[in-house]
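Protein chains: 2
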Amino acid sequence: MNQTILIIEDDVEINDMLRVLLSQNGYHPVCAYSGTEGILAHNKDVSLILLDLMLPGKSGEEIIQQLKEKHHVPVIVTSAICDVSKKVDLFSLGADDYVTKPFNNDELLARIAARLRNHAETSISQKLCYKDIVVDKSDFSVQCRGIAIELSRHEFALLCMLMENPLRTCTKSMIYDTVWDYENSADDNTLNVHISKLRKKLKECNPDEEYIETVWGIGYRLKK
Amino acid sequence: MNQTILIIEDDVEINDMLRVLLSQNGYHPVCAYSGTEGILAHNKDVSLILLDLMLPGKSGEEIIQQLKEKHHVPVIVTSAICDVSKKVDLFSLGADDYVTKPFNNDELLARIAARLRNHAETSISQKLCYKDIVVDKSDFSVQCRGIAIELSRHEFALLCMLMENPLRTCTKSMIYDTVWDYENSADDNTLNVHISKLRKKLKECNPDEEYIETVWGIGYRLKK
DNA sequence: TCCTGATTTAAGACTTTTTTAAGAGTTCAT
DNA sequence: ATGAACTCTTAAAAAAGTCTTAAATCAGGA
Numbered sequence: 068m069n070q071t072i073l074i075i076e077d078d079v080e081i082n083d084m085l086r087v088l089l090s091q092n093g094y095h096p097v098c099a100y101s102g103t104e105g106i107l108a109h110n111k112d113v114s115l116i117l118l119d120l121m122l123p124g125k126s127g128e129e130i131i132q133q134l135k136e137k138h139h140v141p142v143i144v145t146s147a148i149c150d151v152s153k154k155v156d157l158f159s160l161g162a163d164d165y166v167t168k169p170f171n172n173d174e175l176l177a178r179i180a181a182r183l184r185n186h187a188e189t190s191i192s193q194k195l196c197y198k199d200i201v202v203d204k205s206d207f208s209v210q211c212r213g214i215a216i217e218l219s220r221h222e223f224a225l226l227c228m229l230m231e232n233p234l235r236t237c238t239k240s241m242i243y244d245t246v247w248d249y250e251n252s253a254d255d256n257t258l259n260v261h262i263s264k265l266r267k268k269l270k271e272c273n274p275d276e277e278y279i280e281t282v283w284g285i286g287y288r289l290k291k
Numbered sequence: 068m069n070q071t072i073l074i075i076e077d078d079v080e081i082n083d084m085l086r087v088l089l090s091q092n093g094y095h096p097v098c099a100y101s102g103t104e105g106i107l108a109h110n111k112d113v114s115l116i117l118l119d120l121m122l123p124g125k126s127g128e129e130i131i132q133q134l135k136e137k138h139h140v141p142v143i144v145t146s147a148i149c150d151v152s153k154k155v156d157l158f159s160l161g162a163d164d165y166v167t168k169p170f171n172n173d174e175l176l177a178r179i180a181a182r183l184r185n186h187a188e189t190s191i192s193q194k195l196c197y198k199d200i201v202v203d204k205s206d207f208s209v210q211c212r213g214i215a216i217e218l219s220r221h222e223f224a225l226l227c228m229l230m231e232n233p234l235r236t237c238t239k240s241m242i243y244d245t246v247w248d249y250e251n252s253a254d255d256n257t258l259n260v261h262i263s264k265l266r267k268k269l270k271e272c273n274p275d276e277e278y279i280e281t282v283w284g285i286g287y288r289l290k291k
């Protein structure tokens with residue numbers, strides 16, 4: 068559940084450095100090298116913007132306004148300018164913080180975290196789809212033909228595993244590894260029982276469709 | 068409607084200077100000369116806190132935590148210390164900005180305005196709604212069918228967390244992280260008890276509705 | 001046909017959740 | 001400081017849900 072941070076910075080070297088710094092610290096950086104590009108790249112997945120003030124073309128001030136108009140997220144301005152009156156202007160335009168270059172990486176990270184904390188939101192829900200089944204890992208929900216299905220923890224993990232490997236056969240030992248976290252003893256019937264229950268619940272929802280296919284002696288996979 | 072700013076600063080001269088500066092710029096300053104005094108003076112009229120880091124008695128770090136606990140507003144730390152690692156610590160404790168003394172008055176005013184603006188934005192959307200429940204984070208009130216419900220601090224935080232993630236499952240460990248600030252030991256029953264109490268209070272208010280759903284082995288979520 | 005592996009069912013073991021109650025810990029006003 | 005009121009945590013027992021096991025049955029391949 069990484070947060071996306073948009074970097075708008077024309078200096079390729081600094082842009083690169085920021086990208087590495089952010090991704091090393093668990094964020095998902097998106098790079099833009101001009102104001103216009105930044106505005107285009109800005110969408111609702113973005114949680115925060117790092118904006119260089121000294122861009123060619125559009126002024127940083129203009130850009131802030133347009134960014135905030137499009138989708139309202141915290142903007143941290145980075146710039147070599149130290150002029151206080153400039154800072155004041157930026158703040159009044161909607162910048163949320165200001166870091167003077169050269170900045171200390173840890174301080175920048177701390178300021179990013181502080182702004183994000185305020186603006187806590189987002190989280191891109193991960194949805195797996197196959198035929199008429201929709202699995203949402205973020206809320207542990209499953210729908211089949213739009214109807215909610217209640218699955219137990221292991222059943223859910225099992226279905227996720229199959230749906231994350233569409234049309235690839237999941238061997239029994241792979242499944243035991245992933246879903247149960249232990250090596251199966253060959254005569255263990257647990258997985259079979261769980262597959263059976265899963266099929267039953269899916270069938271209740273859509274009796275005309277077969278979703279899970281048995282690969283004899285090997286394991287299971289989703290049916291084409 | 069002037070915004071109240073709490074100044075916590077032991078140096079009488081600086082405290083005085085800040086008071087004048089703020090009142091000249093349309094704010095309503097309240098002065099405190101120690102951390103303890105600051106915590107006492109802090110109430111829900113306060114919109115922002117200017118906190119000196121170098122106080123006698125309690126450490127600035129302790130004070131931030133206690134202030135934020137009492138009523139969540141932006142805290143701008145002022146200090147002569149320039150050490151970056153110190154800054155980082157403070158940010159992670161919940162400081163929202165950091166100004167090094169001696170500071171430029173205009174920059175300070177700009178930072179105050181930025182934090183206030185930010186806080187105002189987030190507090191507009193601070194009314195959380197779900198079905199017939201309305202939660203107002205700014206005054207810690209909860210209504211169900213228009214009837215006020217009294218919740219304890221943890222119950223309130225728990226309900227907020229659920230309502231901030233509508234229809235998404237909050238895992239137990241996420242909840243312990245957010246509401247209790249510690250990793251849960253697997254056999255901890257505290258959360259369960261709080262959920263039980265929360266449900267009971269909601270049920271008293273509306274016996275016909277189920278609000279909180281258990282996701283077995285995972286956590287809880289709001290019911291569709 | 002026989003052997004092996006898969007499916008289904010049901011029962012009991014096991015785990016997680018709910019509820020209650022009691023005591024420890026806090027907070028608040030006096 | 002003190003006591004009252006409230007909140008939080010812990011513990012224990014009951015309830016609810018899930019998992020595994022075992023046994024009977026079924027299906028595929030030689």
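Line by line, the protein sequences are chains A and B. According to the working numbering, the first sequence holds residues 68 to 291 in order. According to the working numbering, the second sequence holds residues 68 to 291 in order. The C-beta atom is built at its ideal place from N, Cα and C for all residues, glycine as well. Here the structure is a predicted model, which is why all the values come from computation and not from measurement.
By the 10 Å Cβ neighbour count, where 16 or more other Cβ atoms means buried, how is residue i classified, buried or exposed?
| i | result |
| --- | --- |
| residue 291 of chain A | exposed |
| residue 249 of chain A | exposed |
| residue 109 of chain B | buried |
| residue 239 of chain B | buried |
| residue 132 of chain A | exposed |
| residue 167 of chain A | exposed |
| residue 119 of chain B | buried |
| residue 261 of chain B | buried |
| residue 107 of chain B | exposed |
| residue 82 of chain B | buried |
| residue 144 of chain B | buried |
| residue 236 of chain B | buried |
| residue 142 of chain B | buried |
| residue 246 of chain A | buried |
CA-CA distance, residue i and residue j?
| i | j | result |
| --- | --- | --- |
| residue 99 of chain A | residue 285 of chain B | 39 Å |
| residue 165 of chain B | residue 201 of chain B | 34 Å |
| residue 89 of chain B | residue 77 of chain B | 17 Å |
| residue 74 of chain A | residue 117 of chain A | 5 Å |
| residue 288 of chain A | residue 207 of chain A | 21 Å |
| residue 96 of chain A | residue 227 of chain A | 27 Å |
| residue 304 of chain B | residue 112 of chain B | The structure shown does not extend to residue 304 of chain B, since chain B spans only 68 to 291, so no value can be given for it. |
| residue 105 of chain B | residue 134 of chain B | 8 Å |
| residue 162 of chain B | residue 210 of chain A | 43 Å |
| residue 140 of chain B | residue 147 of chain A | 30 Å |
| residue 71 of chain A | residue 183 of chain A | 11 Å |
| residue 220 of chain A | residue 115 of chain B | 45 Å |
| residue 278 of chain B | residue 199 of chain B | 10 Å |
| residue 190 of chain B | residue 203 of chain B | Residue confidence for residue 190 of chain B is low, a pLDDT of 45 falling below 50, so the modelled location carries little weight; the figure read from the coordinates is stated next. Distance between the alpha carbons of residue 190 of chain B and residue 203 of chain B: 9 Å. |
| residue 93 of chain A | residue 176 of chain A | 11 Å |
| residue 213 of chain A | residue 233 of chain A | 20 Å |
| residue 101 of chain B | residue 195 of chain A | 55 Å |
| residue 273 of chain A | residue 216 of chain A | 11 Å |
| residue 255 of chain A | residue 242 of chain B | 35 Å |
| residue 80 of chain B | residue 178 of chain A | 30 Å |
Are the C-beta of residue i and some C-beta of chain A separated by less than 8 Å?
| i | result |
| --- | --- |
| residue 181 of chain B | yes |
| residue 285 of chain B | yes |
| residue 190 of chain B | Because the pLDDT of residue 190 of chain B is 45, which lies under 50, any placement of that residue in the model is unreliable, and the question is left without a value. |
Taking residue i as the query, report the chain A residues whose CB atoms sit under 7 Å from its CB, ordered along the chain.
| i | result |
| --- | --- |
| residue 236 of chain B | 206 and 207 |
| residue 282 of chain B | 207 |
Within 8 Å of any Cβ in chain B, is that where the Cβ of residue i sits?
| i | result |
| --- | --- |
| residue 241 of chain A | no |
| residue 220 of chain A | yes |
Please list the partners that residue i has in chain A, where partner means a Cβ-to-Cβ separation under 9 Å.
| i | result |
| --- | --- |
| residue 288 of chain B | 206, 207 and 208 |
Just to confirm, does residue i get its C-beta within under 7 Å of one of the non-hydrogen atoms of the ligand GDP?
| i | result |
| --- | --- |
| residue 277 of chain B | In the structure on display, the ligand GDP does not appear, and there are no ligands present to speak of. |
request  = Note down, one range per segment and in chain order, each beta strand (DSSP E) of at least 3 residues found wholly within the stretch 92-123 of chain B.
outcome  = 95-99 and 113-119
request  = Entirely within the stretch 229-287 of chain A and at least 4 residues each: give me those alpha helix (DSSP H) ranges in chain order.
outcome  = 239-242 and 257-272
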